[in-house]
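For the sequence shown, counting from 1, position 480 maps to 814 in the working numbering; every step adds exactly one.
Reading through the structure tokens given below for one structure.
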Amino acid sequence: MTLDQLMAFTVSGDHERQEQVFERLKVSYDKQPYVIRRMLTEGAVRASDKRAQFIGLDAYVAAGGTVLRDLFQGDDGGWLQDVPLVDQMMADKLKAESEAVAAKGWKWIEVAPDFAYGHAFGLRQLRGEPVPLTAEEEVTREALQAEFDRLSEEYQDADELPDEVDERLSELETVLEGFETRPVVFDPAEIARAGAFVSIGADGQLRVERGYIQPEDELAVELEADVSVDGEDDRALAASNERAEAVVTTEPDAEPEEDEGLSPISDRLMTELTAHRTLGLRHALGERPDVAFLAALHTLTLKTFYHYGSDSCLELDLKSVSFGTQAPGLNDSASAEAIRARHESWAKALPRESADLWDALQEWDGDSQAGLFAHVVSLSVSAVYEPWNRRPRAFAHADRLAQAVDLDMAAAGWKPTVDNFLGRVTKARILQAVAQAKGQRAADRIEHLKKGDMAAEAETLLADTGWLPEPLRTPGRATDGEQAPESVIEETPEQPSEKLPEDEDEPVAQNDDTGKPMIAAE
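Have a look at this one:
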């Protein structure tokens, strides 16, 4: 054993476990230190896992849990070895937290460590009122903001901030953000018919999504009383009819007899008149792109944030499909977190009542309108493969859209792991991925391994390479983690294997699956 291998064994103090790993290494080709660490910690929960962060490392240890630590390398807090204890503590804490939320009077509470992405689609979210700042808090906020502005102006031309100034600015920014994200209060009557989702966020903190109303709990819309006294009220009554086109299936009512007084306009005549008006609106709107954009933005925003489609005369629809097969970790992905934050930001900027939306959007500048429009339209994107729903043209359009926005899924946070790709494809695909990203020599080194070990090794080799499987690549974009033929990628192995030849560090020309030359180097 080398010193590095011996240090790797110190991750676990369990002699029986060490002996088991030692026996496995006797028949393994790869005896790298990182392989030893992986074998000793497999099945454990990393301290950086959101479950571990949620229950707290100190509480876990106090409950009798064991933590494996690496004495010689960074380990992100180590590994929690007692997985059943972690799950039990997580369940108990979630239950206690959910009971505290339910005590506020919500009609229903759903609790889970994680919910599928899109779990709230189809539910209307209430708009609560932020708790106002007290006079003392307002004075404190203004003083901190003044200090933040002073420091920012004083060091705006500095190439590098002094450590104490940088630290103070970070502290001020955090405190000021706390003033902006105030707790929200809801109407007790609305709480009685709404519910909340309680789960664990990606950062290990409790995530409570309050104020969602299920369709069956929506209040029935009461028809306005007919108090018409002139033609304008007649038009208001007619506008309450949501049908875009009237289809006459029976004989129309006869025109009313001549009367000396004012009588209501007949339904037949009202339909004819409003049909003419509809065509007039269509033509006029077609001549005004600026108003058409505002009208479309108004309608789509209504359906996204208010779910009141009847507040608009435009027959536009926006579908935000959920995902039938939930991808692992989708709800905690960087993209999901960014979309959620952006959605909440727009929701705060919009008026509470849908009747005020048109006037509010008219007052916004063009950039704000365009930003909201982009967000709303983005929620309708559906490029999910479904075996029962063949949509080749839709997927071709998704490729064009990806090119237009220069989509880079690696930069968006996706990395190949055992769970999300490598453990669910054939060995041939694993080897192909490693060869594309690290060269054929690296793929040959893991070719003899069993499927599970090969997938784990490949995850380590592909980390931070930016390699992506074909469905995640943007056509025409860079190599997505594949080696460029003219480049040499150098890799320094953690511990060279005794079976490698002495010239292993020399670059060797290889060919990829397309026959193009590649340069691989260890």
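Glycine included, every Cβ here is placed at the ideal spot set by N, Cα and C.
As the structure is a prediction and not an experimental result, all values here were calculated from the model.
Nearest candidate by alpha-carbon position, reference residue i, set the options
i	options	result
residue 529	440, 371, 392	440
residue 547	461, 466, 623	461
residue 790	633, 750, 806	750
residue 775	795, 443, 678	795
residue 721	714, 715, 729	729
residue 772	702, 752, 793	793
residue 645	537, 706, 629	629
residue 382	800, 785, 536, 810	536
residue 335	457, 525, 359	359
residue 640	611, 769, 692	692
residue 526	404, 552, 733	552
residue 425	463, 386, 798, 470	386
residue 394	607, 427, 373, 404	427
residue 764	787, 701, 456	787
Status (buried if at least 16 other CB within 10 Å, exposed otherwise) for residue i
i	result
residue 412	buried
residue 583	Confidence is the limiting factor: at residue 583 the pLDDT is only 45, short of 50, which leaves the residue's position unreliable and the question unanswerable from this model.
residue 346	buried
residue 337	exposed
residue 367	buried
residue 448	buried
residue 635	buried
residue 873	Residue 873 cannot be examined here, being either before or after the span of the chain that is shown, 335 to 856.
residue 406	exposed
residue 539	exposed
residue 755	buried
residue 833	Reliability of the predicted coordinates at residue 833 is poor, the pLDDT of 39 falling under 50, and the value obtained from them is presented with this limitation in mind. Exposed: under 16 other Cβ atoms inside 10 Å.
residue 515	exposed
residue 532	buried
residue 727	exposed
residue 808	buried
residue 719	exposed
residue 695	buried
residue 354	exposed
For residue i, three-class secondary structure by DSSP
i	result
residue 459	strand
residue 379	strand
residue 396	helix
residue 350	helix
residue 464	strand
residue 518	strand
residue 712	helix
residue 442	strand
residue 676	helix
residue 336	coil
residue 627	helix
residue 368	helix
residue 617	helix
residue 453	coil
residue 786	helix
residue 650	coil
residue 493	coil
residue 667	coil
residue 419	helix
residue 757	helix
residue 858	Here the chain covers residues 335 to 856 and nothing more, so residue 858 does not appear.
residue 599	coil
residue 448	coil
residue 805	helix
residue 797	coil
Residue i - partner residues in DSSP beta bridges
i	result
residue 720	723
residue 533	541
residue 401	414
residue 546	459, 529
8 Å contact criterion, which residue i and residue j should meet: CB distance rounded
i	j	result
residue 400	residue 421	The pair is not a contact, with the Cβ atoms about 15 Å apart (cut-off 8 Å).
residue 632	residue 676	Not confirmed; about 19 Å, so no contact.
residue 638	residue 713	6 Å
residue 738	residue 669	Not really, about 17 Å apart at Cβ, beyond 8 Å.
Proximity test, residue i beta-carbon vs the ligand NAP heavy atom, cut-off 7 Å
i	result
residue 679	This structure lacks the ligand NAP; in fact it carries no ligand of any kind.
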